[in-house]
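Just below is one structure, and these are the notes that go with it.
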Amino acid sequence: MTLSDQEDQIDRISDLPCNVIDGILSHLDIKDLVGTSILSKQWRYKWTKAPRLWFSEDFFEEYEDLEDLEDPVTYRIITDVLMQHQGPIDKFGLFISNDYKFEITIEHLDKWIPILSERNIKHLELVNHETHPDQMLYIVDLPCKELTYSKFLGFDLSIPPDFSGFERLLELHLLFVRFEPGAFESLISGCPLLKNLHFVLCKEFEYFDFAPPTLEVLLIEFNPKMKSICLKKANNLIDLALKATESCTFGLIKSLPKNIQRLSISSRRGIYKMQYANIIHPTLLKSSFSSMKYLKLGNVNFNDRGELLYIVSALQCAPGLVELIIQSYIDLSTVQVLDHSEELECSSDCLNNLRMVNIHVRAYRISQHAMSLIRFILANSTSLRTLTFIVCPGSKSLDAHRISQDLLRMERASQRAHVEFLLTDELENVGI
1 MTLSDQEDQI DRISDLPCNV IDGILSHLDI KDLVGTSILS KQWRYKWTKA
51 PRLWFSEDFF EEYEDLEDLE DPVTYRIITD VLMQHQGPID KFGLFISNDY
101 KFEITIEHLD KWIPILSERN IKHLELVNHE THPDQMLYIV DLPCKELTYS
151 KFLGFDLSIP PDFSGFERLL ELHLLFVRFE PGAFESLISG CPLLKNLHFV
201 LCKEFEYFDF APPTLEVLLI EFNPKMKSIC LKKANNLIDL ALKATESCTF
251 GLIKSLPKNI QRLSISSRRG IYKMQYANII HPTLLKSSFS SMKYLKLGNV
301 NFNDRGELLY IVSALQCAPG LVELIIQSYI DLSTVQVLDH SEELECSSDC
351 LNNLRMVNIH VRAYRISQHA MSLIRFILAN STSLRTLTFI VCPGSKSLDA
401 HRISQDLLRM ERASQRAHVE FLLTDELENV GI
């Protein structure tokens with residue numbers, strides 16, 4: 001055997017530090033992870049101590065043709081992997097796609113969850129796209145005391161009277177979850193350290209009025225059945241994102257915390273006018289926008305001067321605002337003409353901290369209200385660094401040269417302000 005042949009057979013990976021090997025194993029899906037057992041004798045059982053077990057959609061697709069509904073092969077594999085695993089399990093993920101036949105049952109969870117609990121699971125994701133809404137599986141009491149992150153999609157949630165809670169849970173994602181009466185409140189009450197909550201299209205949920213005082217980040221995606229959102233008790237909430245699937249209920253938001261710093265409101269599709277005065281009543285602006293640093297408003301109707309005045313009012317109530325993003329909804333109707341005699345007004349210091357502005361317009365013709373808003377921002381933002389004006393789709397009927405000239409002629413309160421005007425046909429490229 002030559003020296004070069006000996007060098008080729010050197011096991012360079014096994015000599016790596018244990019923390020490096022663990023890092024490598026933690027980035028592999030379950031098939032590749034277990035597959036490391038054939039690398040060498042030293043690697044035969046290394047996978048059994050990997051801190052992360054990830055059963056992705058690819059794993060289930062691998063065995064789809066072999067699946068037996070009465071005795072699913074994937075269930076047996078998952079159970080065998082958990083039974084053979086010897087070390088702590090920090091992260092466990094299960095992702096069942098829409099097209100897969102396998103359905104999680106209570107018997108499956110009763111087998112897996114105790115093992116995960118014994119291994120001090122900290123990060124748990126159960127994503128169950130396949131289950132029909134009328135057959136959603138109940139998640140009851142998960143005895144995972146070390147859990148800090150959890151995500152559930154496609155389950156019913158029932159909380160027993162003796163629910164002990166998740167004392168260390170910091171982040172919770174609930175997607176397409178259906179609650180028994182009082183279950184959501186009981187769940188949140190059992191999470192005394194919860195800081196981040198994602199609440200996405202949860203079924204038969206009309207009133208969101210229970211938020212723990214520890215909560216700092218909240219995302220709510222809702223349908224027209226949502227009648228009210230009350231966040232009066234969320235005293236530490238600083239980041240709020242609201243996303244609607246369709247039009248919103250009048251007076252949707254009943255209260256907002258006083259120290260909110262980031263607010264994003266949009267819809268899943270760009271065809272619904274948000275009508276912000278109906279979502280957040282103007283009386284809430286003064287009491288809740290004083291600490292605002294980031295504001296994103298989607299689906300703005302630039303053809304409505306009332307909407308324009310509402311945005312100006314919101315800006316005046318946010319003197320500390322640093323970044324502003326405004327996106328219009330898709331509108332092919334006739335554009336209203338702005339009466340230039342009605343100039344937008346601003347208090348002397350309302351936009352002194354604004355540094356970055358992005359305005360995305362989705363229309364075949366530019367509303368004069370959009371140009372008026374840009375003129376207003378440039379004239380009153382003394383610290384502005386960048387204003388980006390993006391029009392999509394870039395219609396040939398647009399007079400890009402005229403728009404560019406109008407932008408250049410606008411008065412600027414900041415000598416360092418840079419204005420960028422872009423026409424694009426790609427929605428993805430402008431974040432819309």
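For the sequence shown, full-length UniProt numbering puts the final residue at 432, and the numbers step up evenly by one. Every residue gets a Cβ at the ideal spot worked out from N, C-alpha and C, and that includes glycine.
Please determine, among the options, the residue with the shortest C-alpha to C-alpha distance to residue i.
{"i": "serine 372", "options": "Ile390, Thr382, Met410", "result": "Met410"}
{"i": "leucine 157", "options": "Leu142, Glu146, Asp209", "result": "Leu142"}
{"i": "alanine 241", "options": "Ile265, Lys258, Ala234", "result": "Ile265"}
{"i": "leucine 297", "options": "Leu252, Ile359, Thr283", "result": "Ile359"}
{"i": "alanine 413", "options": "Phe421, Gly190, Leu354", "result": "Leu354"}
{"i": "serine 56", "options": "Met292, Ile113, Glu125, Leu378", "result": "Glu125"}
{"i": "cysteine 18", "options": "Thr36, Ser37, Lys46", "result": "Lys46"}
{"i": "alanine 318", "options": "Leu197, Pro161, Met292", "result": "Met292"}
{"i": "histidine 418", "options": "Leu378, Tyr310, Ser186, Tyr75", "result": "Leu378"}
{"i": "alanine 257", "options": "Lys122, Ile159, Glu216", "result": "A small correction: the amino acid at residue 257 is proline; alanine does not occupy that position in the sequence shown. It is Glu216."}
{"i": "isoleucine 374", "options": "Cys392, Tyr329, His401, Ile325", "result": "Ile325"}
{"i": "residue 457", "options": "Val73, Ser97, Gln84", "result": "An answer regarding residue 457 cannot be provided, because it is not within the stretch 1 to 432 covered by the chain."}
{"i": "histidine 27", "options": "Lys91, Tyr63, Ser14, Glu221", "result": "Lys91"}
{"i": "aspartate 399", "options": "Leu252, Gly154, Phe421", "result": "Phe421"}
{"i": "phenylalanine 205", "options": "Phe176, Phe163, Ser288", "result": "Phe176"}
{"i": "leucine 94", "options": "Arg52, Val300, Gly190, Val20", "result": "Arg52"}
{"i": "methionine 295", "options": "Gln327, Thr283, Leu309, Ser287", "result": "Rather than methionine, the amino acid found at residue 295 in this sequence is leucine. Answer by Cα proximity: Gln327."}
{"i": "tyrosine 149", "options": "Pro160, Phe163, Lys122", "result": "Lys122"}
{"i": "isoleucine 238", "options": "Pro212, Lys254, Leu252, Asn223", "result": "Pro212"}
{"i": "arginine 305", "options": "Asn235, Leu33, Trp54, His369", "result": "His369"}
{"i": "serine 117", "options": "Pro88, His129, Pro161", "result": "Pro88"}
{"i": "phenylalanine 376", "options": "Asp425, Gln316, Cys392", "result": "Gln316"}
{"i": "histidine 401", "options": "Ile366, Thr382, Leu387", "result": "Ile366"}
{"i": "lysine 145", "options": "Asn128, His129, Asn120", "result": "Asn120"}
{"i": "phenylalanine 208", "options": "Thr214, Ile188, Phe163", "result": "Ile188"}
{"i": "lysine 203", "options": "Asn223, Leu218, Leu219, Thr382", "result": "Asn223"}
{"i": "histidine 281", "options": "Ala314, Val127, Tyr75", "result": "Ala314"}
{"i": "leucine 174", "options": "Ile21, Ser14, Val127", "result": "Val127"}
{"i": "leucine 285", "options": "Val300, Asn299, Lys254", "result": "Lys254"}
Per DSSP, what are the beta-bridge partners of residue i in this structure?
{"i": "arginine 178", "result": "Asp156, Lys203"}
{"i": "tyrosine 149", "result": "His123, Glu171"}
{"i": "methionine 356", "result": "Glu323, Thr386"}
{"i": "histidine 198", "result": "His173, Leu219"}
{"i": "arginine 262", "result": "Asp239, Tyr294"}
{"i": "leucine 373", "result": "DSSP, once it has assigned bridges, lists no residue as partnering leucine 373."}
{"i": "glutamate 308", "result": "This sequence places leucine at residue 308; glutamate is not what is there. BP columns for leucine 308 are empty, so no partner."}
{"i": "phenylalanine 95", "result": "Val127"}
{"i": "valine 34", "result": "Its beta-bridge partners do not exist; DSSP assigns none."}
{"i": "phenylalanine 208", "result": "Ile229"}
{"i": "isoleucine 280", "result": "Ile253"}
{"i": "valine 300", "result": "Ser328"}
{"i": "valine 361", "result": "Val391"}
{"i": "alanine 244", "result": "Phe222, Ser267"}
Rounded C-beta distance between residue i and residue j? I'm assuming under 8 Å.
{"i": "proline 356", "j": "glutamate 323", "result": "The residue you asked about is not proline; residue 356 is methionine in the sequence shown. That belief holds up - the Cβ atoms of methionine 356 and glutamate 323 are roughly 5 Å apart, short of 8 Å."}
{"i": "isoleucine 115", "j": "leucine 82", "result": "5 Å"}
{"i": "leucine 25", "j": "alanine 50", "result": "4 Å"}
{"i": "phenylalanine 302", "j": "asparagine 278", "result": "The Cβ separation is near 17 Å, so there is no contact."}
{"i": "glutamate 246", "j": "tyrosine 276", "result": "Actually they are not in contact, since the Cβ atoms of glutamate 246 and tyrosine 276 sit about 16 Å apart, beyond 8 Å."}
{"i": "leucine 169", "j": "leucine 147", "result": "5 Å"}
{"i": "lysine 232", "j": "arginine 268", "result": "The Cβ separation is near 27 Å, so there is no contact."}
{"i": "threonine 36", "j": "histidine 85", "result": "Actually they do not touch by this definition, with Cβ atoms about 14 Å apart."}
{"i": "glutamate 221", "j": "leucine 201", "result": "5 Å"}
{"i": "arginine 416", "j": "arginine 385", "result": "6 Å"}
{"i": "leucine 407", "j": "asparagine 380", "result": "Not quite, the Cβ-Cβ distance comes to about 16 Å (not below 8 Å), so this is no contact."}
{"i": "glycine 190", "j": "glycine 154", "result": "About 21 Å; that fails the 8 Å criterion."}
{"i": "tryptophan 112", "j": "isoleucine 159", "result": "Going by Cβ atoms, the distance from tryptophan 112 to isoleucine 159 rounds to 20 Å, so no, they are not a contact pair."}
{"i": "glutamate 167", "j": "proline 192", "result": "6 Å"}
{"i": "serine 287", "j": "isoleucine 260", "result": "Contact doesn't hold; Cβ gap of about 10 Å is too wide."}
{"i": "threonine 424", "j": "isoleucine 390", "result": "6 Å"}
At the 9 Å Cβ level, is residue i part of the contact set with chain E, yes or no?
{"i": "glutamate 206", "result": "As a matter of chain content, chain E is missing from the structure shown, which is built from one protein chain."}
Item checked: the segment 101-119 in contact with the segment 40-48 per 3-pair CB rule at 8 Å -> no
Check: With contact counted as at least three CB pairs below 8 Å, one residue from each stretch, are the segment 222-230 and the segment 177-197 in contact?
Finding: no
Next item on the list: Entirely within the segment 390-424 and at least 3 residues each: give me those beta strand (DSSP E) ranges in chain order.
Entry: 418-423
Next item on the list: Identify every run of the alpha helix (DSSP H) within the segment 43-83, keeping only runs that are complete inside it and at least 4 residues long; order them along the chain.
Entry: 57-62
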